[in-house]
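Student: This is the structure I want to talk about, given as structure tokens.
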Amino acid sequence: MNPDTTGSGIHAHLGDQVVVGGPTVGKPGRDGEVVGLHHDDGTPPYDVRWSDTGRVTLYFPGPDAHVRHLSDAEGRPADRRP
């Protein structure tokens, strides 16, 4: 696992996606967009707008969470080729 995207080494940028595993087997997980940062270095906690409810909550990621970086360091979409 990449220490920049999981566990206590998690870092996010505005617009990244937080993905959380389901609480038990067979239960769906959830995901949301990082809409607010509380630390300049991208460490938790985050303000996350959850896709299933549209609500924004303060979120402290646990070991079942990871971040999908949706843009590169220059703000371009991550899937975009130069």
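Mapped onto my numbering, the consecutive letters of the sequence shown carry residue numbers -4 to 77.
The C-beta atom is built at its ideal place from N, Cα and C for all residues, glycine as well.
Note that the structure is predicted; figures quoted are calculated from it, not measured.
(1) Tell me which same chain residues have a C-beta within less than 7 Å of the C-beta of Y54, skipping the five on either side of it?
(2) Compute the Euclidean distance between the alpha carbons of V51 and W45, then round it to the nearest angstrom.
(3) Whose CA, out of H64, H61, H6, lies closest to the CA of H33?
(4) Give a yes or no on whether the C-beta atoms belonging to V29 and G10 are separated by under 9 Å.
(5) For S37 versus H8, is the C-beta spacing smaller than 9 Å?
Tutor: Short version:
(1) Position 59 of the sequence shown, counted from the first residue, corresponds to residue 54. Cβ within range, chain order: V13, P40, Y41, V43.
(2) Working through the sequence shown from its first residue, we reach residue 51 at position 56. Working through the sequence shown from its first residue, we reach residue 45 at position 50. Computed Cα separation, rounded: 6 Å.
(3) Sequence index remark: in the sequence shown, residue 33 carries index 38 (1-based). Closest by alpha carbon: H6.
(4) Position 34 of the sequence shown, counted from the first residue, corresponds to residue 29. Position 15 of the sequence shown, counted from the first residue, corresponds to residue 10. Taking 9 Å as the Cβ cut-off, V29 and G10 qualify as a contacting pair.
(5) Taking the first residue of the sequence shown as 1, we reach residue 37 at position 42. Taking the first residue of the sequence shown as 1, we reach residue 8 at position 13. According to the sequence as given, residue 37 is Gly; it is not Ser. Contact: yes.
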